[in-house]
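Colleague: Input: one structure, supplied below.
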Amino acid sequence: MKAKNFLIATTLGLGGFAVGSLVDATPARAQSSTTGAIQGVITDSKSDEKLAGVTVTVTSPSLQGAQTAITDGNGFFKISELPPGEYLITYYYLEITVERSGITVGVNKVTPGHQKLDQGKAGGEIVKIEDSAPTIDPTSTTQGITIDKNYIKNIPVPGRTFESALGAAAGSQNDGSGGVSFSGSSGLENQYYVDGVNTTGLTFGTVGSPVINDFIEEIEVITGGYNAEYGRATGGVVNVVTKSGSNEFKGSIFGYWQPGQLTAGVEATPSNAASIDVTTDNALDVDFGFELGGPIIKDKLWFFVGFAPQIQHTNITRVIRRQTDCRQLLPSGELSDCNPATMANGGFADSDADVDPESGFFITDPSCGEEGLPGCEVRKQKLNIYSILGKVNYAANPENQGQLSFQLLPATVESPGVFGPVESGRKVSQLVSDVSAKWTSKFNDNKTEVEAVLGWHRDHVESDAYAPEFAGRPRQILSNQTLNFFGRGGLGTAERIENQNHCYDINEPMAPGAPSPEANDPYPGIKNCPMDLVPYVIGGPGAITNNTEQRRSAKLGITQRLKAAGSHEFKAGIDVENNLSNKARLYSGGAFIQNIVEPNIVVVTRWVQLLGRRPGTPGYAPERAPEGRFDNVCRTPNPNDDPDPMAPPSLQFTCDYLSGDLGAPGTQVTGNTLNWSAYLRDSWQIKPNLTLNVGLRYEEQRMRFSSELQNKVDPLTGVKLGKNAMNLRGMFAPRLGLLYDWTKEGRSKVYTHWGRFYESIPMDINDRAFGGETQFQQVFGGATTSCGGGRDPNIGGANGEACLTQQGGMDRVGQQENLFGASGVLVAPGIESQYLDEIILGFEYELLDDLKVGLSFQNRRLGRVIEDVSTDGANTYIIANPGEWSASEEKKLEDRIDKVDATCQAEGPSSAACDEVARLSNHLELFKGIRIFDKPSRDYNALQFTLTRRFSKKLYVQGSYTYSKTEGNYGGLYSADNGQIDPNISSQYDLIELLGNRQGPLPQDRPHYIKLDGYYTFDFKKKGALTIGARARALSGIPTNALAGHYLYGANESFLLPRGQLGRTDFEHGLDMHFGYGYDLGKGRQLEVFFDLYNIYNRQGTFNVDNNYAPRNRQDGTEQNANPVSGGTYEDLIWVKAIDSSGKETATPIARNPNFRNANARYGPAYGRIGVRLTF
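Under this note's numbering, the first residue of the sequence shown carries the number 957, and numbering increases by one thereafter.
Following this line, the structure appears as structure tokens:
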């Protein structure tokens, strides 16, 4: 750490205690991310005099020993570091003893413990009070929800791990990213903590360690307003606290079963894409396990262990569909009956496939599953997951306590091929590991508290071929030919004979042993089973995974309380994260093949590693090649728009074709990001009912080049790379909050909050932008002859594997060749971090005991974004802040150019300095182009009403209504418009021509969202208890758009019309129910059976729609793209002309996708889950 950085850390993290050590401070016990606190003021019941010297002791089954505090001169006390649970508070004053039970403490929450003492009562008598504390935390401005184990148990949560419960928070939704969207942010902008350790997925920012619900004590979901202790998130923060042992042996044995018979049929989402129709159904879903905790040494050493396997089998039913040619559209607008005779013979066959006039889809005959047809082929996917958790809690004494925990999540999945032979599938195995250690100590008569946390999160994933004999075969994607060719066999596999017969075409060469075409081809005028838009897959598994990511983290926090114009609680800390990744660049067989059988084009893509310019070509710089490597040549078009007439049309590099073998040289790439932060905050209680929270957080993030590139010369630019690829500094994040409790009893609060939050960039950017990611693509036209393999009768054209062979001892040269990823990624000088600002105004009030209501307004606005842009038509990419580049950085670069140019003038035009001037001048123009991009925007405004009735008198209710608007031109780290998950390097800002029409309601914009959860317990005394729980949701649909392809970037990149102009999908709603019956078996044992029913009225509403108005490929396979119609309307689309593969506009109108605006993803069907649990 450099001196300047150390000074910042010292100032923010420790400087506040120079004053604290000089002042007589009251005991300090601030809550952490895994614990809570109790605080209050003790007064005389008659005079309201604040009582000093009252001894307050708290005990709980969740707490090792007891914790004690003594009230100060203002009658105030606070006891922190309390594990979540139910507590007994005992107040001792003179001869008075008062016990107050039923006090609930939550994670990262302060529970009011105010108490009035009657000094006139006779001493020696213990006064017992059964009373719950207020449900409002009067010290915090955080928005969100706390979910305890009873919620998870009695509410039908739609999943078995903690992320399935996060949707209970107001302002949250599923955005399809694999995470949960909070407060208008995308699902990749959150941070997830398990037992105080950051377990967020390193590559994309998703959930890294999905803890099973049965092992969870409590979940805290923070959706806004968090203090300086939290950072690296522009979405939400999720704290998961797992169960711990106690002074009694407790545990449970449980099991869940979701039988296929209790799952409704999946509603079809038809498309016009392929001749293979696929549906999935649950065949087996069962999980079971146990959890056990107890003392090793009472009040000293506790343990907790849990183990739970989960087994899932999914049936994948394949239906081969044959297009028909036997109908005509009648003058009435209806279709005729089917008559396959030609029109000359009185039928309706006209050599054009029949089309449904309503849907625009081809009409097809199924190959199976209907009366008179054979049963359909069913393939099975198998998933096994094992959840293992262990924890030890140790208390040396009440002032010094520690915790050690670990979690293991091994998993395997076997996925057969679907759009191809079974053997074209893959097997995947994964192991997630987490280890955490925590220690808390209190010093100086409990006036100072120190907390240290060490953590290690690791995730390893590897994949292999479904069938071992295919492990070394390249994956080949076949399209634009009929299924009958692809499925004959001869490729090592074959479709069932029923499928082949169903798709037999009269114009095909006879397959050996096949029946005559007259007997099997009812529609000889058309291709019966074309495979055009969705291809057929053969060969090996394709991309091979052998990836490891891990985070090593350390945190140190110090808390100090002091009295000065009220009561202050200072907290400061520092944390460091060292993030590491090791990613594979492997294709089975060394290549990935796209085979467009008609018109006979093969595209070969390989992972390659570049050494430098080829000897004898411009830019060559000698670099010694490792023995036996770099004997290939990779070519790519010269990106110079106006090259020298003598310059070659392509750039040539000495390169190495990377093999598909694990561990082969160059196939594993390492990445590293170092994060560190420091914070200081003061919670100043100006009065017992007036609190001011002030905090400042500082963060840095250093993203490094892969170790393979560090201190090497960029083979394209000639720039020597250092260690750090991008340093993000100066991330000062102030936080300010003000709270007022007008009841003075913790039963109300009016509050406001303002804060700035910085993003922590996931490591996908390390692998893709800073890891030398390079692929070499070759296009072979007329592949049957150019690759020398001739026509393969099992494909109906060239076999792409022939294009991998050498010709005359030399690598084959394609008609077109391109290097992707070798254009050199630049980082804009002076780049600054991505952040958002937040404002919250709100109030909460406890109307009745255990019932509180709240109303709040929340505004979140992106202030700056980091994305990659291209200012020269996708030749060079710059990681930048779109729409802004510092004038001071421009001046610095100009001064540098002038300085180097002076050397150039002195040494002559052939000098290295003149080359440097040309390079820097080019960079200057590229960087200046950043300013022409629209500045990214995302504004979230929400009004939230919440209602919470804590469980009492057999009833629990939690509900919210959110009215919100999320508008802008940038959705966030997840690009829902095209489904891309590449945080900070997505295609959203790559090209200036794609920015048109992007302003409007964003994909996560759902104006109305109603959530209502609750359960009620009917106590039948000795006959047991029945609990009925419900989970209801109702929400607005998603905005719909009209998209088209881009000639460089593919489908769904061009907004033909302004975002959201076409309205939104239907309002969605659903209801889940839980029915549980528990019976007391005596001796602390209880048996419970339960039944959960999800989507009770089977509304399989629209989760997503096909926004692709103009598919990149027409039905005949020809390519079409389109540019935005700035400010256009739906009526304008008929005039839009297609863009060809070179980016030029043609005279051909774009063809409308018949599936446009139809559902392409639905919410799941109704299903039931049966369970049993024995607790002891």
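Glycine is no exception: its CB is placed at the ideal position from the N, C-alpha and C atoms.
Keep in mind the model is a prediction, meaning the values are calculated, not measured.
1) Taking the beta carbon of Glu1051 as the centre, do at least 16 other beta carbons fall within 10 Å, making it buried, or is it exposed?
2) Thr982 to Ala1008, Cα distance in whole Å?
3) Under the assumption that Gly1753 contacts Thr1740 (Cβ atoms under 8 Å), give the Cβ distance between them as a whole number of angstroms.
4) To which residues of the same chain is Arg1508 closer than 6 Å at the C-beta, ignoring the five residues directly before and after it?
5) Taking Cβ positions only, does Tyr1654 come closer than 8 Å to chain B?
6) Quick one: what's Asn2054 bridged to in DSSP?
7) Beta-carbon within less than 6 Å of Ser1018's beta-carbon, same chain only, minus the 5 sequence neighbours each way: which residues are those?
8) Going by C-alpha distance, which of Asp1617, Glu1405, Leu1566 and Phe1776 is nearest Arg1517?
9) According to DSSP, is Val1113 helix, strand or coil?
10) Tell me whether Glu1119 is buried or exposed, calling it buried when 16 or more other Cβ atoms sit within 10 Å of its Cβ.
11) For a test of the three-state rule: what should DSSP assign to Trp1710, helix, strand or coil?
12) DSSP on Gln1944, reduced to helix/strand/coil?
13) Which partner residues does Val1391 have in the DSSP bridge list?
14) Leaving aside the five residues before and after Ala1025 along the sequence, list all residues of the same chain whose C-beta is less than 6 Å from its C-beta, in chain order.
15) Going by DSSP, which residues form a beta bridge with Val1406?
16) Rounded to whole angstroms, what's the CA-CA distance from Val1625 to Lys1398? Just pull it up for me.
17) Is Val1063 helix, strand or coil by DSSP?
18) Got a sec, what are the start and stop residues for the beta strand (DSSP E) Asn1878 sits in?
19) Give me the Cα-Cα distance between Gly1316 and Cys1324, rounded to the nearest whole angstrom.
20) Could you pull out every unbroken beta strand (DSSP E) segment of at least 3 residues lying fully inside the region 1700-1772, listed in chain order?
21) How many whole angstroms separate the CB atoms of Glu1757 and Ile1549, which I take to be in contact at a CB cut-off of 8 Å?
22) Compute the Euclidean distance between the alpha carbons of Trp1841 and Gly1819, then round it to the nearest angstrom.
23) Quick one: what's got a C-beta closer than 8 Å to Arg1747's C-beta in the same chain, skipping five residues either side?
24) Closest to Ala1932 by CA distance: which of Gly1135, Arg1188 and Val1234 is it?
25) Could you have a look at Arg985 and say whether DSSP puts it in helix, strand or coil?
26) Helix, strand or coil for Ala1862 per DSSP?
27) Can you look up Gln1314 in the DSSP assignment and give me helix, strand or coil?
28) For Asn2109, which beta-bridge partners are listed by DSSP?
29) Give me the residue from His1269, Pro1690, Lys1705 and Phe1688 with the minimum Cα distance to Tyr1696.
30) Under 8 Å Cβ to Cβ from Leu1286, same chain only, skipping five residues before and after it: list those, please.
31) Tell me whether Asn925 is buried or exposed, calling it buried when 16 or more other Cβ atoms sit within 10 Å of its Cβ.
32) Using only the alpha-carbon positions, how far apart do Ile994 and Ala1520 sit?
33) Quick one, which of Tyr1912, Ser1942, Ser1916 and Ser1615 has its alpha-carbon nearest Tyr1926's?
34) Using three-state DSSP, classify Ile1453 as helix, strand or coil.
35) Please return the same chain residues whose Cβ sits closer than 7 Å to the Cβ of Gly976, not counting the five positions on each side in sequence.
36) Among Ile1085, Ser1003 and Thr1102, whose alpha-carbon lies nearest the alpha-carbon of Thr1091?
Modeller: Looking at the atomic coordinates:
1) exposed
2) Residue placement at Thr982 cannot be trusted, given a pLDDT of 34 that sits under 50; the coordinates are not used to answer.
3) 6 Å
4) Trp1412 and Asn1534
5) You won't find chain B in this structure, because it holds only one protein chain.
6) Note: Asn2054 sits in no beta bridge, so no partner.
7) Pro1039 and Gly1041
8) Glu1405
9) coil
10) buried
11) strand
12) helix
13) Phe1362 and Trp1412
14) Pro983, Val1012, Phe1033 and Ile1035
15) Ser1397 and Ile1514
16) 45 Å
17) coil
18) Asn1878 -> not in any beta strand (DSSP E); alpha helix (DSSP H) instead, spanning Ala1868 to Lys1884.
19) 23 Å
20) 1704-1714 and 1731-1737
21) 7 Å
22) 14 Å
23) Thr1740, Gly1753 and Ala1754
24) Gly1135
25) Confidence at Arg985 is low in this model, with a pLDDT of 34, below 50, so the placement of that residue is unreliable and no value is reported for it.
26) helix
27) Contrary to the premise, residue 1314 reads as Glu rather than Gln in this sequence. In the structure shown, Glu1314 sits in coil (DSSP, three-state: anything other than H, G, I, E or B).
28) In the DSSP output, where bridge partners are listed per residue, Asn2109 has none listed.
29) Lys1705
30) Ser1292
31) Absent from the model: residue 925. The displayed extent of the chain is 957 to 2132, so no value can be given.
32) 22 Å
33) Ser1942
34) helix
35) In this prediction, Gly976 has a pLDDT of 34, which is less than 50 and means its spatial position is unreliable; what the coordinates show is noted afterwards. Within the same chain, Gly976 has close Cβ partners Gln1516, Leu1518 and Phe1526.
36) Thr1102
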